[in-house]
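Asker: For reference, the structure I am asking about is given below.
Chains as they are written, first to last, in the working numbering: chain F, 46 to 290; chain B, 10 to 301.
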């Protein structure tokens with residue numbers, strides 16, 4: 046049923062630290078690998094992978110943006126973009142078949158691949174571009190928060206997190222219950238003033254992003270003092286000799 | 010938004026078909042019986058049905074399309090499917106009685122006509138509900154869809170006077186949609202700053218995209234060709250969908266062939282207008298790629 050649950054017991058989601066993300070794309074590839082090979086879902090397509098126009102489905106994409114503050118140096122921000130598991134998920138209510146749904150127990154937004162007709166309306170309804178229609182399977186693909194990992198008793202406890210969280214080499218991705226104010230992720234959001242994306246769209250996303258920490262004021266260029274000071278010794282002699290040439 | 014040919018054909022043909030059926034159901038075109046009734050209902054059913062069939066062509070798994078009838082409580086797309094089929098089923102006894110028994114069933118026909126109008130409204134609401142596409146989320150979207158269905162229906166029914174009035178109404182609706190649509194995205198306040206949440210820190214500019222190849226989001230939500238030719242397409246749509254049919258009708262002479270020509274030119278113009286309706290619409294997800 047595509048009606049949204051009135052409330053969910055938990056709100057599982059990700060907290061992504063834009064200060065520590067280095068844009069290495071490990072989350073992108075580990076996500077693709079797990080969600081293609083785990084066998085729980087239909088594999089993510091790779092069409093024309095070695096041809097002229099390779100394209101495929103990914104559940105996570107990492108953009109790079111430049112932020113120019115009013116004062117201080119410009120900052121490069123690597124920005125992973127995936128499903129935010131919204132409380133008011135518009136992708137769920139527009140679904141004509143009931144394939145798109147939000148789990149009442151933990152708030153994860155999922156697609157029943159056996160019921161999806163591939164009309165694409167849910168992807169239109171998502172402001173975050175988080176859903177991609179699979180070119181091979183003909184059904185909608187989206188982040189599942191690795192439902193087949195997080196509660197999987199066959200995996201060691203340390204591996205029961207989404208593949209992207211497990212793979213991140215800088216610890217920029219955190220997974221937990223954002224409905225519980227005492228959880229590690231909720232405390233992180235409170236401490237670092239985590240924010241939601243496009244709140245004006247009214248989707249009430251669960252995932253939060255942590256802002257890059259403020260950088261110090263821009264000093265002189267790092268090489269400036271070395272270049273300005275007149276070197277002594279052999280280098281000083283060489284410098285003067287070359288000047289005379 | 011990507012202008013898929015199947016959806017453009019569906020919305021234009023079905024719109025005109027349901028418009029014609031609504032007219033036949035209200036008795037606005039009299040209560041035809043026998044051969045004229047057969048012709049009129051064949052046209053209405055043909056256009057509405059052809060559009061419905063075309064709409065399944067863009068599905069990834071069309072063999073499961075019956076599932077789309079289940080979620081009418083929340084989904085406008087599901088409501089549209091249910092209403093469209095309910096309308097076609099409800100018209101059948103009236104159509105059969107009119108054609109074969111020379112006995113129209115006005116009461117049932119009125120119910121079916123209401124279903125036809127509701128179908129067109131639900132088609133429009135699929136687009137008008139999209140908060141992600143600010144240009145569509147406006148009263149002008151249902152206005153254009155309803156005016157187009159009414160104008161197309163009256164043209165196909167050969168009602169000269171009402172058709173002229175409704176063509177003028179369609180022109181107004183299209184102009185309002187184009188005029189008011191331009192500032193909709195800006196009015197929402199959504200930009201790359203709110204999309205990334207980084208606007209609080211400074212001016213945000215896309216530096217490197219996440220992928221160099223294409224993907225579904227870019228193909229489906231970010232379409233720029235239509236925007237480049239928007240002015241020419243608007244002129245073309247107005248001339249074909251409104252001006253030429255009106256000029257063909259205005260003198261009041263000429264028989265069915267001229268009326269048919271007017272309807273055909275009108276539908277061609279609506280195809281151009283509908284193509285632009287999609288091609289011109291900006292999806293907020295395009296902001297992540299530096300394109301609204």
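Even glycine gets a Cβ: it sits at the ideal position worked out from N, Cα and C.
1) Would residue 147 of chain F and residue 49 of chain F qualify as a contact pair, given that the criterion is a beta-carbon distance under 9 Å?
2) Anything in the region 132 to 154 of chain F with a Cβ closer than 7 Å to a Cβ of chain B? List those residues in chain order, please.
3) Assign residue 288 of chain F to one of two classes, buried (16 or more other C-beta atoms within 10 Å of its C-beta) or exposed (fewer than that).
4) Against chain F, with Cβ distances strictly below 9 Å, would residue 293 of chain B count as a contact?
5) So, at 7 Å on beta carbons, what are the nonlocal neighbours of residue 258 of chain B in its own chain, with the 5 sequence-adjacent residues on each side left out?
6) Which of helix, strand or coil does DSSP assign to residue 105 of chain F?
7) With respect to the beta strand (DSSP E) encompassing residue 146 of chain F, which residues constitute its N-terminal and C-terminal limits?
8) So, residue 154 of chain B versus residue 93 of chain B, is the Cβ gap smaller than 9 Å?
9) With a threshold of 9 Å between beta carbons, is residue 201 of chain F in contact with chain B?
10) So if I threshold CB-CB distances at 8 Å, which residues from the region 115 to 145 of chain B count as touching chain F?
11) Along the alpha helix (DSSP H) that carries residue 15 of chain B, what are the first and last residues, could you check?
12) Can you find a CB in chain F that lies within less than 9 Å of the CB of residue 18 of chain B?
13) To the nearest angstrom, report how far apart residue 62 of chain F and residue 211 of chain B are at their CA atoms.
14) Buried or exposed, going by whether 16 or more other CB atoms sit within 10 Å of the CB of residue 30 of chain B?
15) Tell me, please, whether the CB atom of residue 229 of chain B is closer than 9 Å to any CB atom in chain A?
16) Classify residue 236 of chain B as helix, strand or coil using the three-state DSSP reduction.
17) Quick check on residue 203 of chain B - is its C-beta less than 9 Å from some C-beta in chain F?
18) Measuring CB to CB, does residue 141 of chain F end up less than 9 Å from residue 87 of chain B?
19) Indicate whether the contact test is met: 3 or more Cβ pairs, each with one atom in the region 131 to 142 of chain B and one in the region 69 to 87 of chain B, closer than 8 Å.
20) Could one say the Cβ of residue 90 of chain B lies closer than 9 Å to chain F's Cβ atoms, at least one of them?
21) So, with DSSP's three-state summary, where would you put residue 186 of chain F?
22) Is there contact here, the region 182 to 194 of chain F with the region 68 to 76 of chain B, by at least three beta-carbon pairs under 8 Å?
23) Opposite residue 109 of chain B in the DSSP bridges: which residues?
24) If you draw a straight line from the alpha carbon of residue 158 of chain B to that of residue 76 of chain B, how long is it in whole angstroms?
25) What is the DSSP secondary structure of residue 133 of chain F, reduced to helix, strand or coil?
26) With 7 Å as the C-beta to C-beta threshold (strictly closer), list the residues of the region 204 to 237 of chain F near chain B in chain order.
27) So which residues on chain B does residue 100 of chain F lean against when the C-beta distance must stay under 7 Å?
28) At a CB-CB cut-off below 7 Å, which residues of chain B make contact with residue 47 of chain F?
29) Report buried or exposed for residue 125 of chain F, applying the criterion of at least 16 other Cβ atoms within 10 angstroms of its Cβ.
30) Under 9 Å between C-beta atoms, does residue 279 of chain B make it to chain F?
31) Should residue 252 of chain B be listed as close to the ligand ATP, given that the test is whether its C-beta is under 8 Å from any heavy atom?
32) Quick one: what does DSSP say residue 121 of chain F is sitting in, helix, strand or coil?
33) Say whether chain F places a C-beta atom closer than 9 Å to the C-beta of residue 216 of chain B.
34) Would you call residue 238 of chain F buried or exposed, if buried means 16 or more other Cβ atoms sit within 10 Å of its Cβ?
35) When the Cα of residue 180 of chain B is compared with those of B:194, B:152, B:163 and B:203, which residue comes out closest?
36) With distances taken from CA atoms, which of B:245, B:17, B:297 and B:23 is nearest residue 129 of chain B?
Answerer: Short version:
1) Result yes, Cβ atoms of residue 147 of chain F and residue 49 of chain F sit closer than 9 Å.
2) Those would be 135, 138, 139, 140, 141, 142 and 143, in chain order.
3) Exposed, by the Cβ-count rule.
4) With 9 Å as the cut-off, residue 293 of chain B counts as an interface residue toward chain F.
5) Here the set comprises 169, 172, 173 and 271.
6) It is a strand residue.
7) For residue 146 of chain F, the enclosing beta strand (DSSP E) covers residues 145 to 147.
8) No. Outside cutoff.
9) With its beta carbon at least 9 Å from every one in chain B, residue 201 of chain F lies outside the interface.
10) Against chain F - using a Cβ distance shorter than 8 Å - the residues of the region 115 to 145 of chain B are 135, 138, 139, 140, 141 and 142.
11) Element bounds for residue 15 of chain B: 14 to 35.
12) Chain F places no beta carbon closer than 9 Å to that of residue 18 of chain B, leaving this residue out of the contacts.
13) In this structure, the alpha-carbon of residue 62 of chain F lies about 18 Å from that of residue 211 of chain B.
14) Classification for residue 30 of chain B: buried.
15) The structure shown contains no chain A; its protein chains are F and B.
16) Here residue 236 of chain B sits in helix by DSSP.
17) Taking 9 Å as the threshold, the shortest C-beta distance from residue 203 of chain B to chain F falls below it.
18) In contact: residue 141 of chain F and residue 87 of chain B (Cβ atoms closer than 9 Å).
19) Judged by Cβ distances under 8 Å, the region 131 to 142 of chain B makes contact with the region 69 to 87 of chain B, as three or more pairs qualify.
20) Cβ-Cβ to chain F under 9 Å: yes for residue 90 of chain B.
21) Look at residue 186 of chain F here: in three-state DSSP terms it is strand.
22) The region 182 to 194 of chain F makes contact with the region 68 to 76 of chain B, as at least three CB pairs between them are under 8 Å.
23) Looking at the DSSP assignment, residue 109 of chain B forms no beta bridge with any residue, so it has no partner.
24) One C-alpha to the other measures close to 27 Å.
25) Taken through DSSP and simplified to helix, strand or coil, residue 133 of chain F comes out as coil.
26) Residues: none.
27) For residue 100 of chain F, the chain B residues whose Cβ falls inside 7 Å of its Cβ are 222, 223 and 224, in order along the chain.
28) Within chain B, the residues near residue 47 of chain F are 80, 83 and 84.
29) Of the residues assessed, residue 125 of chain F falls on the buried side of the cut-off, its CB having 16 or more other CB atoms within 10 angstroms.
30) It does not: the Cβ of residue 279 of chain B has no partner Cβ on chain F nearer than 9 Å.
31) This structure does not include the ligand ATP; it has no bound ligands of any sort.
32) Residue 121 of chain F falls in the strand class under three-state DSSP.
33) By this cut-off, residue 216 of chain B is an interface position.
34) Label assigned to residue 238 of chain F: exposed.
35) Selected option, being the one with the closest Cα: B:152.
36) With distances taken between CA atoms, residue 129 of chain B lies nearest to B:23 out of B:245, B:17, B:297 and B:23.
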